[in-house]
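Numbers 5 to 272, taken from the working numbering, label the letters of the sequence shown in order. From the three backbone atoms N, C-alpha and C, an ideal C-beta is built for every residue, glycine too.
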Amino acid sequence: MHPVLLKLGPLKLGPLVLGPLLLRWYGAMMGLALFVSIPVTARFGALFGIERRLIVDSLALPFLTSLLVGARAGYAVSHPQDFVGDPLAIIRPPYAGLASHGAIAVGLAFLAVWCPRHRVPMWRLTDAMMPAILLAIMLVRWGNFMNGELYGDPTTLPWGIVFPGVPGGPRHPLQLYEIAGTALILGWVLRAAGRRPFDGYLFWWGIIASSALRFMLDLLRSEDRTVIFLTWGQMAALGLIVWGSWFLWTHARRGRTRPNPSKEAGGR
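Below, the structure is given as structure tokens:
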């Protein structure tokens with residue numbers, strides 16, 4: 005593994021030296037995740053009765069920006085020790101360190117404002133986003149793997165991987181575990197997309213499943229545990245599992261029938 009995907013230069017133009025310019029795996033995978041999320045969400049939005057124009061022209065850019073801001077803020081809150089003595093590093097490029105729970109919190113807050121203004125049911129829109137969210141997780145975790153970060157505890161299992169510069173011998177490749185688990189969740193979401201009993205069903209089941217996966221994988225990341233024997237990721241995952249379970253339970257009790265996309269599209 006190597007964090008650099010592509011290296012260009014240095015280029016010499018007389019006395020000037022440009023570069024080298026580096027394209028890193030993590031940045032490339034993050035960019036690809038953001039790029040593919042727009043058409044994927046638009047495709048499922050159309051399936052659920054949401055106009056493609058709203059997603060592509062009005063939602064995409066400000067929403068993706070809010071996710072990046074939230075992810076950075078979430079990392080700063082959960083890793084304050086990284087910014088002791090230099091708090092401006094939170095906003096100074098390069099932005100090393102993002103947290104998915106921050107992206108979820110700020111993203112939902114953004115949608116709570118945007119959706120009423122555009123007369124789009126918020127939880128129906130999150131259902132349309134769920135396949136793109138899961139694809140993004142898989143792509144970003146591959147970037148983490150190539151960066152040699154977010155690895156697990158030492159292991160003697162035959163698929164353990166030695167990460168460059170990390171002591172302790174072979175480690176659990178938690179990034180690859182999460183990619184495999186997320187692929188299974190994505191498969192279920194795609195199968196269930198045509199039979200949603202209510203808005204928010206796909207989103208919250210996807211969040212619950214991916215949070216449970218994250219909680220279990222972090223059991224193999226003992227070096228990152230806090231004073232209460234849980235990682236920050238595990239604490240955020242528990243909160244999302246509780247919230248999602250409450251949402252699904254309350255909406256299932258209402259006995260809602262499956263939404264009619266044609267009626268919903270005409271009623272906006």
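- Shown here for A32: same chain residues with a beta carbon closer than 6 Å to its own, the five before and five after excluded, namely L9 in chain order.
- The residues L22, G23, P24, L25, in chain order, have a CB closer than 7 Å to that of G13 in the same chain once the five nearest residues on each side in sequence are set aside.
- Note: V8 is bridge-paired with R28 in the DSSP secondary-structure output.
- By alpha-carbon distance to L190, the top candidate from V170, I141, H122 is I141.
- The stretch 211 to 218 and the stretch 148 to 167 do not touch, with fewer than 3 CB-CB distances between them shorter than 8 Å.
- Counting along the chain, V144 sits inside the alpha helix (DSSP H) bounded by residues 126 to 151.
- Between I54 and R128, the beta carbon gap of about 7 Å places them in contact (Cβ cut-off 8 Å).
- Using a 10 angstroms sphere on the CB of T186, the tally of other CB atoms reaches 16 or more, which defines it as buried.
- As computed with DSSP, I165 is found in a beta bridge with R175.
- In this model, W146 and Y30 are separated by some 8 Å (Cα to Cα).
- When DSSP states are grouped into helix, strand and coil, L92 belongs to the helix group.
- A Cβ-Cβ distance of about 6 Å is found for the pair D131 and R200, placing them in contact under the 8 Å criterion.
- With 16 or more other Cβ atoms from the protein chains shown falling within 10 Å of its own Cβ, M150 counts as buried.
- At least 8 Å separates the beta-carbon of M134 from that of L51.
- DSSP, read as helix, strand or coil, puts V170 in coil.
- Apart from the 5 residues on each side of it in sequence, Q179 sits with its Cβ closer than 6 Å to the Cβ of R145, N148, F149, L154 in its chain, given in chain order.
- Of all C-beta pairs linking the stretch 109 to 117 to the stretch 72 to 92, three or more are shorter than 8 Å, placing the two stretches in contact.
- DSSP places V117 inside the alpha helix (DSSP H), whose first and last residues are 104 to 122.
- For L252, the enclosing alpha helix (DSSP H) has its first and last residue at 236 to 257.
- In the DSSP assignment, V21 falls within the beta strand (DSSP E) that extends over 20 to 22.
- With contacts defined by Cβ atoms closer than 8 Å, T45 and A107 do not form a contacting pair.
- Non-local C-beta neighbours of R175 in its own chain, meaning closer than 7 Å and more than five positions away in sequence, comprise Y155, G156, D157, P158, T159, G164, I165, F167, ordered along the chain.
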